[in-house]
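Residue numbering for the sequence shown follows my numbering, starting at 6 and increasing by one per position.
Each residue gets a CB set at the ideal place from its N, CA and C atoms; glycine is no exception.
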Amino acid sequence: MKTKTLLFAAYCILLTAFCQLAVAQAPNPLDEKFDFYTRGEYRAGVPRPQSILRYDVGDHHTTYAQMEQVIGAIAAAAPDRVKVYDIGTTNEHRMQHLVAISSPENIARIDEIKANNARLTDPRRTSAAEANAIAQNNPSIAWMAYTIHGNESSSFEAFMQVVYQLAASNEPATLDILKNTVVLVVTGENPDGHERFVTWYNSVAIGNADRNAIEHREPWAIWGRASHYRFNLNRDTLVFTQKESRNLQKAYMEWNPQVAVDHHGQPSQYFFPPTGLPTNPNLPQPVTAKWEDRYGRANAAAFDANRWDYYVRDIFDAFYPGYWDMYPSLNGATGMTYETDGGGFKGLRWTRDDGTIVTLRSSIAKHYVASMTTLETNAKYKVERLKDFYDFRAKGIADNARSKMKRVVIDPTSDRVKAAELIEVLRLSNIEVKAASTSFSTSTAHTYMEKDAKAVSKTFPAGSYIIDLDQPQRIFIKAILEQDTPQDKAFVDDNMARFKRNQMRGKGQPKEDYGFYDITAWSLPLVFGVDAYWTEDVGSVAGTMVDAEQLAAAKRGSVSGRAAISYVIPYETDSTGPFVVRLLQNGFKVAVSTKQLNAGGRNWKTGTFVVRVSRNPDTIHESIARFAREMGVNVTAVNSGFPDEGDTSVGGESVISLREPKIVVAADEGVTQESYGSLWWTFDKHGVKFTPMTLSSIRGGGLKNYNILILPDGSAGRYSSGFGASGISALKEFASGGGTIVTLSGASIFAALKDVGLTSSKLVGSDEDEEKDKSSDDKKDSKPTPSPTPGSKSTEPAPIEMKSDRADGIAPSLPPIASPSANATKVPEALPGSIMRATVDRTTYLTFGVDRDEMPVLMASGYFFRYSKEGTNALVFDANPKKPLTISGFVWEGNTERLLKGTAYVIDESTGSGHVVLFAEDPFFRGMTRAITRPFFNSIIFNGVF
Ligand SMILES: [Zn+2]
Numbered sequence: 006m007k008t009k010t011l012l013f014a015a016y017c018i019l020l021t022a023f024c025q026l027a028v029a030q031a032p033n034p035l036d037e038k039f040d041f042y043t044r045g046e047y048r049a050g051v052p053r054p055q056s057i058l059r060y061d062v063g064d065h066h067t068t069y070a071q072m073e074q075v076i077g078a079i080a081a082a083a084p085d086r087v088k089v090y091d092i093g094t095t096n097e098h099r100m101q102h103l104v105a106i107s108s109p110e111n112i113a114r115i116d117e118i119k120a121n122n123a124r125l126t127d128p129r130r131t132s133a134a135e136a137n138a139i140a141q142n143n144p145s146i147a148w149m150a151y152t153i154h155g156n157e158s159s160s161f162e163a164f165m166q167v168v169y170q171l172a173a174s175n176e177p178a179t180l181d182i183l184k185n186t187v188v189l190v191v192t193g194e195n196p197d198g199h200e201r202f203v204t205w206y207n208s209v210a211i212g213n214a215d216r217n218a219i220e221h222r223e224p225w226a227i228w229g230r231a232s233h234y235r236f237n238l239n240r241d242t243l244v245f246t247q248k249e250s251r252n253l254q255k256a257y258m259e260w261n262p263q264v265a266v267d268h269h270g271q272p273s274q275y276f277f278p279p280t281g282l283p284t285n286p287n288l289p290q291p292v293t294a295k296w297e298d299r300y301g302r303a304n305a306a307a308f309d310a311n312r313w314d315y316y317v318r319d320i321f322d323a324f325y326p327g328y329w330d331m332y333p334s335l336n337g338a339t340g341m342t343y344e345t346d347g348g349g350f351k352g353l354r355w356t357r358d359d360g361t362i363v364t365l366r367s368s369i370a371k372h373y374v375a376s377m378t379t380l381e382t383n384a385k386y387k388v389e390r391l392k393d394f395y396d397f398r399a400k401g402i403a404d405n406a407r408s409k410m411k412r413v414v415i416d417p418t419s420d421r422v423k424a425a426e427l428i429e430v431l432r433l434s435n436i437e438v439k440a441a442s443t444s445f446s447t448s449t450a451h452t453y454m455e456k457d458a459k460a461v462s463k464t465f466p467a468g469s470y471i472i473d474l475d476q477p478q479r480i481f482i483k484a485i486l487e488q489d490t491p492q493d494k495a496f497v498d499d500n501m502a503r504f505k506r507n508q509m510r511g512k513g514q515p516k517e518d519y520g521f522y523d524i525t526a527w528s529l530p531l532v533f534g535v536d537a538y539w540t541e542d543v544g545s546v547a548g549t550m551v552d553a554e555q556l557a558a559a560k561r562g563s564v565s566g567r568a569a570i571s572y573v574i575p576y577e578t579d580s581t582g583p584f585v586v587r588l589l590q591n592g593f594k595v596a597v598s599t600k601q602l603n604a605g606g607r608n609w610k611t612g613t614f615v616v617r618v619s620r621n622p623d624t625i626h627e628s629i630a631r632f633a634r635e636m637g638v639n640v641t642a643v644n645s646g647f648p649d650e651g652d653t654s655v656g657g658e659s660v661i662s663l664r665e666p667k668i669v670v671a672a673d674e675g676v677t678q679e680s681y682g683s684l685w686w687t688f689d690k691h692g693v694k695f696t697p698m699t700l701s702s703i704r705g706g707g708l709k710n711y712n713i714l715i716l717p718d719g720s721a722g723r724y725s726s727g728f729g730a731s732g733i734s735a736l737k738e739f740a741s742g743g744g745t746i747v748t749l750s751g752a753s754i755f756a757a758l759k760d761v762g763l764t765s766s767k768l769v770g771s772d773e774d775e776e777k778d779k780s781s782d783d784k785k786d787s788k789p790t791p792s793p794t795p796g797s798k799s800t801e802p803a804p805i806e807m808k809s810d811r812a813d814g815i816a817p818s819l820p821p822i823a824s825p826s827a828n829a830t831k832v833p834e835a836l837p838g839s840i841m842r843a844t845v846d847r848t849t850y851l852t853f854g855v856d857r858d859e860m861p862v863l864m865a866s867g868y869f870f871r872y873s874k875e876g877t878n879a880l881v882f883d884a885n886p887k888k889p890l891t892i893s894g895f896v897w898e899g900n901t902e903r904l905l906k907g908t909a910y911v912i913d914e915s916t917g918s919g920h921v922v923l924f925a926e927d928p929f930f931r932g933m934t935r936a937i938t939r940p941f942f943n944s945i946i947f948n949g950v951f
């Protein structure tokens, strides 16, 4: 019996153990707890992150300063493997770091490795044989970057585990990585945004998985996704507008990595490449695809072994060159975006659509495994990857012979400061630029202002910038400077088919989404609005290679002397507008000539500014000299008021006084963060003062001491509900009392709403659109419906779960269609970020300083504004153009061109003694588009004057 009892007891113990084992093998997803420490032996003395943080992985969010302690302690304990580089501070004064981790042998010769690797970037100076030797003997460089979207928090926690593993483990696979790779860990690409998010999250979170819990609803002022200035740093590698982007870019160019992974965290399941369509045609296929496939299959094997869900291709494309995967890819590396499925807005715990829970810890584990797997794959194929890195530029140069586009010429005449800024951006990426010392001609010039423009003869002035494509950076140059980048035919056909199906769909039926991930046009000469041509020939031109000193000189302004009578400020650069605002806001008196002016022995155009010495304090001389130097404005000192000819002298009646712009910018829920941020950044850059204000403060008398109100892009509905009837009355009172209201994009839709009526312009296809076909039978359904995309012009609150991580930059809206035959073709389909031709009315004050008849403007919506019948249409989409309106990017066949004609981009309407100035789109999109800078600043400078 006893024996039997014992046996039974033993059986029970075994059974329990078996059951426990079974549980361990197939964990309940709710309890899953990944072990980060199975890849030892670990070296004693190297501290685990948790020993410093005092909480387990994924139990809490780590602040930037705590992370610095962790990295510092690991680096101090493992100096043989780890070297920390400080790469620059953020706007909020946090230091950004690059942690180099490799074998002790590599760390000991790290500078030599860096120098050898750099030799792979110039096939003109390094032969294939030399490159082969470097590939054999040098480790490859892996760029592992984390948390560019500060609120995608899993990635921040994950890199500390990666750093520990590499610094502490003696596991053979880890040692193999160290031997073959210099791993560069970027310890937070967006420290300021991350800090906002974690400080807020840690203070409210209770680990509640309910999607409605407050911890999943980040307030407007937090929005850790973006940088200090609320820029999406993962769209900033075209122009590198932000300090943080420049820190990273400089470090990137110094190290020249072969693989670069940007770690994010937003979708429902983990994503890693291969990417989906469209693919940027400048990427060298089939090499790009080979590496995406190789890294992707290795990741897949690791994820399959862990029984983790993931996907590839789908919505994540490789088209827009402004991402931190595309910038590496266009610089010869394999650039990849990895997206984990938890953390961020999902917090510590989040309920999926099937009721299961995703935890922060599990999403950290996935990033950790993907990072380590990528490094293993990279180590395994090190030699081949290094060779392909060298071949990237060699092939780029070789392909030049077959390419039509051989040279880009930028004429700086219309704005020498802006042209120099553009060249500076190119120089960041080691693009070689020459400045012509004489004028020169070509018979194969193609204008940027026309898609597929014919070759014409053209003479360029001395001082023009020349970018020849026959250089190592050719692939990158082509990707950012070509006039238009076509999408894969299969992608275009698929989206046109969806468009046609949507048009056939009955009212109230859900419409198919489109596949555009981001803008489809970005050519830098167009977004900057500089005069540019590309040519098929590369005739020899005398000149010098442009360096930093030369560009600084081009950006510097001057004053011709100390004026006795007045200073004359010609409107020759975009910076002239902010320069005048700065003078006015510093208490100086400035006037503008509304006719041709004669002063100092010459004529000046209408719109020239005059600062009269007699009206200003003595400090004007010093201030004007300093501002001119800093902002690149050339000022002429005039010592007599006598005009040699004409009616208008500096003392003339047509030189009228300006008033100080006292600016309010709406900053509140419903305002698009990036639109507000780009204004904030633009104003700060130029020393322009403004007051950010909530809608309720504006409504409640806050405008009393101001004369300008700017409403950035935002949700028309949220503006409506935020202001309410009393707020809308306050706005109308402000304008009729002499104030100027400037509305951008979604705020312009708000202005045009029937119940708001700040403008008489009507949206094409809306209820109030009188020009729409009167015979249409079901008008009420034809009103464009706001888009459901976060950050767009929606009238609905942003949904918590975004369609995709990168999808918030544009607002693809899907206007409902009344019936297949009636209104379908009367409502504009949203443009996915395309550049269109606007025609300039040069007789209005809004276009003072504009010397061009046409301007390229980026359109990223389907909201087209009819000409105002009561005001001035300063920039329009001509109703009878000789040329198509489309300049670059995707447009909807049979829809866009037809419906955009006869609409306006900038409308000015007087109301009482004030104005409402409407911009159809955001003039400073991503801080990148600059073509409309002068009309925008004119709306501020001339307030109360005209
Ligand atoms: Zn992201």
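For the beta strand (DSSP E) containing Leu103, list its first residue and its last residue.
Met100 to Ile106
Which value, in whole angstroms, describes the spacing of the CA atoms of Asn143 and Asn137?
The straight-line gap from Cα to Cα measures roughly 10 Å.
Put Arg53 into one of helix, strand or coil per three-state DSSP.
coil
Start-end ranges of the alpha helix (DSSP H) lying completely within the stretch 698-758, minimum 4 residues:
Listed in chain order, they are 721-741 and 751-757.
Verify whether the separation of the beta carbon atoms of Lys610 and Pro575 is less than 9 Å.
yes
Can Val62 and Arg366 be called in contact, C-beta distance under 9 Å?
yes
Under 8 Å: do the stretch 663-671 and the stretch 711-723 share three or more Cβ pairs, one atom per stretch?
yes
One question on the structure: do Phe869 and Leu904 come within less than 9 Å of each other, judged by their Cβ atoms?
yes
Same chain, Cβ closer than 7 Å to Glu773, neighbours up to 5 away in sequence not counted
Within the same chain, Lys759 and Lys767 come within 7 Å of Glu773 by CB-CB distance, once the 5 residues on both sides are set aside.
Compute the distance between the beta-carbons of Gln476 and Ile485, then report whether it is under 9 Å.
At the C-beta level, Gln476 and Ile485 stay beyond 9 Å of one another.
Can you look up Asn237 in the DSSP assignment and give me helix, strand or coil?
coil
State the Cα-Cα distance for the pair Asn213 and Val532, rounded to the nearest angstrom.
45 Å
Using 8 Å for Cβ pairs, my map puts Thr395 next to Leu125. What's the rounded Cβ distance?
The sequence given here has Tyr at residue 395, not Thr. The Cβ separation is near 4 Å, so the contact holds.
Tell me whether Leu768 sits in a helix, a strand or coil according to DSSP, three-state version.
strand
Could you tell me whether the stretch 405-422 touches the stretch 533-552, using the rule of 3 or more Cβ pairs below 8 Å?
Because the criterion of three Cβ pairs below 8 Å is met, the stretch 405-422 and the stretch 533-552 touch.
With DSSP collapsed to three states, give me the class of Asp673.
The answer is coil: DSSP assigns Asp673 none of H, G, I, E or B.
Cys17 by DSSP, collapsed to three states: which one?
For Cys17, the predicted structure reports a pLDDT of 41, less than 50, and the residue's modelled location is therefore unreliable. A value from the coordinates is still provided. Here Cys17 sits in helix by DSSP.
Tell me which same chain residues have a C-beta within less than 6 Å of the C-beta of Met100, skipping the five on either side of it?
Asp91 and Thr94
Continuous alpha helix (DSSP H) assignments of at least 4 residues falling wholly in the stretch 872-921:
901-905
With DSSP as the reference, label Arg390 as helix, strand or coil.
helix
Please list the segments of the beta strand (DSSP E) lying wholly inside the stretch 466-544, counting only runs of 3 or more residues, in order along the chain.
You should have 470-473 and 536-540.
Label His98 either buried or exposed according to how many other C-beta atoms from any shown protein chain fall within 10 Å of its C-beta, with 16 as the threshold for buried.
exposed
CB of Gln74 to nearest heavy atom of ligand 1: below 8 Å?
Gln74: no, Cβ never under 8 Å from ligand 1.
When you measure from the CB of Glu157 to every non-hydrogen atom of ligand 1, does any distance come out below 8 Å?
Flag set: Cβ of Glu157 near ligand 1.
Chain-order list of residues whose beta-carbon lies under 6 Å from that of Val595 (same chain, five-residue window excluded)
Val585, Leu588, Leu589, Phe614, Val616 and Leu663
Exposure label - Met860; buried when at least 16 CB within 10 Å
Flag for Met860 reads buried.
Tell me whether the beta-carbon of Val573 lies closer than 9 Å to the beta-carbon of Gly544.
no
On a CA-only basis, which of Leu923, Gly917 and Val167 is nearest Phe951? Give me that one, please.
Ranking Leu923, Gly917 and Val167 by Cα distance to Phe951 puts Gly917 first.
Apart from the five residues just before and just after Ser741, which ones in its own chain have a Cβ nearer than 8 Å to its Cβ?
Thr916, Gly917, Ser918 and Gly919
Which first and last residues belong to the beta strand (DSSP E) in which Ser442 is found?
Counting along the chain, Ser442 falls outside any beta strand (DSSP E), and DSSP gives it neither H nor E.
Thr186 vs Ala303 beta-carbon contact at 9 Å
no
Give a yes or no on whether the C-beta atoms belonging to Glu110 and Gly155 are separated by under 9 Å.
For the 9 Å CB-CB criterion, Glu110 and Gly155 do not form a contact.
3-residue-minimum beta strand (DSSP E) runs that sit fully inside the stretch 325-376, ordered along the chain:
339-345, 354-356 and 362-364
Alpha-carbon spacing of Ser446 relative to Ser160, whole angstroms:
53 Å
Which class does Asp416 belong to by DSSP, given the choice of helix, strand or coil?
strand
Beta bridge counterpart(s) of Gly301 as assigned by DSSP:
Looking at the DSSP assignment, Gly301 forms no beta bridge with any residue, so it has no partner.
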